[in-house]
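Written out below as structure tokens is the structure these notes cover.
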């Protein structure tokens, strides 16, 4: 396209330009600025709420931002890598605590993602062929996801109470599986409780996504397979699973990022006193920052968490050979 | 898939197990909200022996729930409206224009999705305090601060999802509108938006749910006057008593707006989320 054509006023030949360029950008002067104008509000807000705070957070991780400097935080003394040194030194209590909570979070995240995927897949396959009541059941399954996080988690908090909760009532009184009433929100059972609650809230999302994935697989593939004598298990393994690969890649990554940075579940379930067995990392950072009022150290832990998530995401995208859709 | 007998058994088992898993907490929530306080303080019972509506009456007095409700509604509705409007503009730009910085924008915005909130909670708090000191604009402890914060939470996903929706609308349609004399914005409002209505509805529900259910920022950025439901509900636990029946009643009441909205627009939401996630 020559420079001369570029300069012809668009109004002169609107139809021709529109047809050539495919798209509404038929007025060069305006269209060059227009996308930036359209993006401006989003960019401004992203800068204010996400990007700038993150840069400030990175800066914070290099200063000695204790309670004495909160009121006048820009004057906090430089700490260099000290905050990081403390955070990764597993021989002191801060580093040890961070490492333990990292371990808890990895376990929590992996188990929750795997179970969410399994439940979601089981339900999506079960609801694939139409039957009476299918849409009602599908709607019911989505309710935990639609419920506000704290409403669902508070209900679980009540159910997991030692003496008055429904869980112990079922396990001890109804089924007689245990003689003692275990604590679910204290001690070693805390991780089990966390996983159960997170699973309850999260599996519907896996179900939703997988269901949509299943619907995009052409029906006749299954018919052909069943003419060839493949049973349902083989059809699932040889048709369903491979066809869902792109869906699964996105789903697993999203589930992982969500569970790894889950804050609501531990916060609403345990209050501010988290049991060590359920000490998830975002909650740990929150507590470490606000209990000791050492925000520099909290910021250093946050940056480490961010680096970890970026490395995992990057590695995952490279291994699976899929970049984000628009990148 | 053929419906063999094995499949029917499988289906029955899966639906029964998952149905129970989903339903039991909902059942506990509803029935416990109908019990008097001494019943929720004693051993759990499946059947409420003394049905009462008192928790639904008392919960407004124990805690200033009405005020929290108003706060949550204002914050969520305003954040949703702004977020959807901003996402529409940005998604239109991403979907219909090729411009320098497009990839940088989409990648950056999408990657902010994966950052844990705790990461920018404190810096944001400090920035808000600084803004207050330098301009007098009060953001901490006001609804405005929460609104601004919340409207960015759903923004990346909304832009991504809407851009996907807009992409699926044939460009011939807006080209025709341009030939007929619309400007690009006219084409957006008259052609693209109506065709993408399900996507817009889905994004709106998503934004509302995000704001209505947010816990972390609400717990740090609010004071008594602008407190939202997510923080307010914790106040039913006092030193001496935990009003579980009222907590369950309040949890039920605050869930109703989102669940109804979600169920009404479920089709659009499911289509929207999956169009974003599956493509």
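Residue numbers (the UniProt record's numbering), protein chains in the order written: chain A, 1 to 327; chain B, 1 to 279. Heads up, the beta-carbon is just placed ideally off N, CA and C, and yes, glycines get one too. Since the structure is predicted, the reported quantities are computational estimates derived from the model, not experimental observations.
Item                                                                                                                                              : Value
Cα-Cα separation, residue 117 of chain B to residue 69 of chain B                                                                                 : 24 Å
Residue 123 of chain B at chain A interface by Cβ criterion, 7 Å                                                                                  : yes
Local Cβ density within 10 Å of residue 224 of chain A, reported as buried at 16 or more and exposed below that                                   : exposed
Under 8 Å from the C-beta of residue 169 of chain B: neighbouring residues of chain A                                                             : Simply none; closest approach about 12 Å.
Span separating the alpha-carbon of residue 301 of chain A from that of residue 85 of chain A                                                     : 10 Å
The segment 286-299 of chain A: positions lying closer than 9 Å to chain B by Cβ                                                                  : 286, 289, 290, 295, 298, 299
Min CB distance residue 159 of chain A to chain B below 7 Å                                                                                       : yes
DSSP three-state assignment for residue 216 of chain A, whether helix, strand or coil                                                             : coil
Whether residue 291 of chain B touches residue 221 of chain B by CB criterion (7 Å)                                                               : Outside the shown range of chain B (1 to 279) lies residue 291 of chain B, about which nothing can therefore be said.
Candidates B/210, B/247, B/245, of which the one nearest residue 72 of chain B by Cα                                                              : B/210
Contact with chain A by residue 86 of chain B, beta-carbon distance below 7 Å                                                                     : yes
Nearest-angstrom Cβ-Cβ length linking residue 142 of chain A and residue 204 of chain A, presumed shorter than 8 Å                                : 5 Å
Residue 169 of chain B - DSSP class collapsed to helix/strand/coil                                                                                : coil
8 Å CB neighbourhood of residue 52 of chain B in its chain, flanking five on each side removed                                                    : 34, 35, 36
Among B/199, B/217, B/256, B/45, nearest to residue 151 of chain B - alpha-carbon criterion                                                       : B/217
Unbroken stretches of the alpha helix (DSSP H), 4 residues or longer, contained in the segment 133-207 of chain B                                 : 143-153, 155-167, 171-179, 184-187
Contacts around residue 268 of chain B, its chain only, beta-carbon distance under 6 Å, and the 5 residues preceding and following it disregarded : 198, 201, 202
For residue 242 of chain B, the three-state DSSP class (helix, strand or coil)                                                                    : strand
Integer Cβ distance of residue 255 of chain B from residue 151 of chain A, believed to fall under 8 Å                                             : 5 Å
Cβ contact (3+ pairs, closer than 8 Å) linking the segment 238-258 of chain A and the segment 108-119 of chain A                                  : yes
Bridge partners - residue 78 of chain A, DSSP secondary structure assignment                                                                      : A/63
Of the residues B/41, B/262, B/49, B/191, the one placed nearest residue 240 of chain B, counting alpha carbons only                              : B/41
Whole-angstrom C-beta distance between residue 210 of chain A and residue 124 of chain A, which should lie under 8 Å                              : 4 Å
First through last residue of the alpha helix (DSSP H) which encompasses residue 39 of chain B                                                    : 37-41
DSSP three-state assignment for residue 237 of chain B, whether helix, strand or coil                                                             : strand
Residue 59 of chain B, enclosing alpha helix (DSSP H) - first and last residue                                                                    : 54-62
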